[in-house]
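Residues in the sequence shown are numbered from 529 upward in steps of one, following our numbering.
Note that beta-carbon positions come from the ideal geometry of N, C-alpha and C, so glycine has one too.
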Amino acid sequence: MIELHTWMTDNGFKARQAVEETGLEYVLKPINLRHKEQFGAEFLKLSPVHQIPALVDSDGPGGATVTMFGSGSILTYMAKKGAPELYPEDPIRRIAVDNWFYWGTSTFTPLAQQFGHYTIRSPEKVPAAQKHYEAVLLDMLGTINKQLDGQDYLAGDYSIADISCYPDIHIHGVDDIGLGDFPNVSRWHDAIAARPAVQRAWEKF
Ligand SMILES: N[C@@H](CCC(=O)N[C@@H](CS)C(=O)NCC(=O)O)C(=O)O
């Protein structure tokens, strides 16, 4: 049995999208960040960094129970387990996916989160930070727009690279900044939003 411990945030949606794409059965375990449930003793055993998402699979490699935390580990694990087309085994194609997957996980999301913090959520307004992170987000959207010129997805076919970027584009690109200046990103976003797995993954809980 797979348990996904998560909340309705960008990284949480990435993990849920990946699990939904496999079609495997799973149990959703909400960890309410507003109530600081990520600091609960049981959850910290799964995610010592007190962050969602975390995943437990009681039918891991060799039948072992495995636990993991972070969208990166979960996306690669779930793709290998149940949706290999999302993380191609061919070494050349995998490098192309890795480039954008790691960028999405380690650069795009953390910087987009700073934009979200300073421009949307922080009650204290820091104009220099707002200006900086808005410029950074616009620059990254421009980069993604260029990458999607003449191709449907970031790295060949739909993959975990796209999943690692989609939630922040949905949240900050569509809702906060607007994708009018980024037509390729807009087309890419709408194609992903239409996937049944993505629609299930974004259902509120
Ligand atoms: N590198 C991790 C980051 C996970 C992360 O930032 N989780 C946030 C929500 S999006 C969280 O749980 N924050 C609560 C905390 O830090 O206490 C990933 O890719 O999933």
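Excluding five sequence neighbours on each side, which residues of the same chain lie with their C-beta closer than 8 Å to the C-beta of Gln727?
Mapped onto the sequence shown, residue 727 falls at position 199. Sequence-distant partners of Gln727 (beyond 5 residues in either direction) whose C-beta falls short of 8 Å from its own C-beta, in its chain, are Ala721.
Could you tell me the alpha carbon to alpha carbon distance between Ile691 and Lys557, rounded to whole angstroms?
Start at 1 with the first residue of the sequence shown, and residue 691 comes out as number 163. Start at 1 with the first residue of the sequence shown, and residue 557 comes out as number 29. Cα to Cα, Ile691 sits roughly 21 Å from Lys557.
Would you decide whether Glu617 is buried or exposed? Buried here means 16 or more other CB atoms lie within 10 Å of its CB.
For the purposes of this step, residue 617 is identified with residue 89 of the sequence shown, where counting begins at 1. Counting of Cβ neighbours within 10 angstroms places Glu617 among the exposed residues, the total staying below 16.
Complete beta strand (DSSP E) runs within the region 560-588 (minimum length 3 residues, chain order):
For the region 560-588, whole beta strand (DSSP E) runs of length 3 or above, ordered along the chain, are 582-585.
Ile688 beta carbon less than 8 Å from that of Ala607
If you number the sequence shown from 1, residue 607 lands on position 79. If you number the sequence shown from 1, residue 688 lands on position 160. Yes.
Ordered along the chain, which non-local residues of its own chain (more than five positions away) have a Cβ less than 7 Å from that of Thr633?
Position 105 of the sequence shown, counted from the first residue, corresponds to residue 633. Answer for Thr633: Ser599, Gly600 and Ser692, listed in chain order.
Cβ-Cβ distance between Gly708 and Leu669 below 8 Å:
Within the sequence shown, residue 708 is the residue found at index 180, counting from 1. Within the sequence shown, residue 669 is the residue found at index 141, counting from 1. No.
Within 10 angstroms of the Cβ of Thr593, are there 16 or more other Cβ atoms? Answer buried if so, exposed if not.
Position 65 of the sequence shown, counting from 1, holds the residue named residue 593. So Thr593 ends up on the exposed side.
Within 10 angstroms of the Cβ of Val555, are there 16 or more other Cβ atoms? Answer buried if so, exposed if not.
Reading the sequence shown from its first residue, position 27 is the one you call residue 555. The residue is exposed, with fewer than 16 neighbouring Cβ atoms inside 10 Å.
Among Thr595, Phe629, Leu676 and Ile705, the one whose alpha carbon lies nearest that of Asn712:
On the sequence shown, residue 712 is found 184 positions in, with the first residue counted as 1. Here the closest residue by C-alpha is Leu676.
Can you list, in chain order, the stretches of the alpha helix (DSSP H) that have 4 or more residues and sit fully within the region 618-683?
With a minimum length of 4 residues, the continuous alpha helix (DSSP H) runs that stay inside the region 618-683 are 619-631, 637-643 and 655-675.
Assign Lys529 to one of two classes, buried (16 or more other C-beta atoms within 10 Å of its C-beta) or exposed (fewer than that).
The count along the sequence shown starts at 1 and reaches residue 529 at position 1. Note that residue 529 is Met in the sequence shown here, rather than Lys. Looking at its Cβ environment, which holds fewer than 16 other Cβ atoms inside 10 Å, Met529 is exposed.
Less than 8 Å between the beta carbons of Ala725 and Gln545, yes or no?
Your numbering for residue 725 matches position 197 in the sequence shown. Your numbering for residue 545 matches position 17 in the sequence shown. It is a contact, given that the beta carbons lie within the stated cut-off.
So, for Ser586: in the same chain, excluding its five sequence neighbours on each side, which residues have a beta-carbon less than 6 Å away from its beta-carbon?
Along the sequence shown, read from residue 1 onward, the residue named residue 586 stands at position 58. Same-chain partners within the cutoff: Met529 and Thr593.
Cα-Cα separation, Pro589 to Pro655:
Here residue 589 refers to the residue found at position 61 when the sequence shown is read from its first residue. Here residue 655 refers to the residue found at position 127 when the sequence shown is read from its first residue. Straight-line Cα distance between these residues: approximately 49 Å.
Tell me which same chain residues have a C-beta within less than 8 Å of the C-beta of Asn539, skipping the five on either side of it?
Within the sequence shown, the letter at position 11 stands for residue 539. In chain order, Gln579, Ile580, Pro581, Gly598, Ser599, Thr637 and Pro695 place their CB closer than 8 Å to the CB of Asn539, counting only its own chain and leaving out the 5 sequence neighbours on each side.
Between Ile580 and ligand 2, is there a pair consisting of the residue's CB and a ligand heavy atom that are separated by less than 7 Å?
Among the ligands modelled here, namely ligand 1, ligand 2 does not occur.
Where does Met536 sit, in a helix, a strand or coil, going by DSSP?
For the purposes of this step, residue 536 is taken as residue 8 along the sequence shown, with counting starting at 1. Met536: coil per DSSP, three-state reduction.
Phe643 and Glu662: beta carbons closer than 8 Å?
Within the sequence shown, numbered from 1, the residue matching residue 643 stands at position 115. Within the sequence shown, numbered from 1, the residue matching residue 662 stands at position 134. Against a cut-off of 8 Å, the Cβ pair of Glu662 and Phe643 comes out as a contact.
Three-state class that DSSP yields for Tyr554 in the structure shown:
Your numbering for residue 554 matches position 26 in the sequence shown. DSSP, read as helix, strand or coil, puts Tyr554 in strand.
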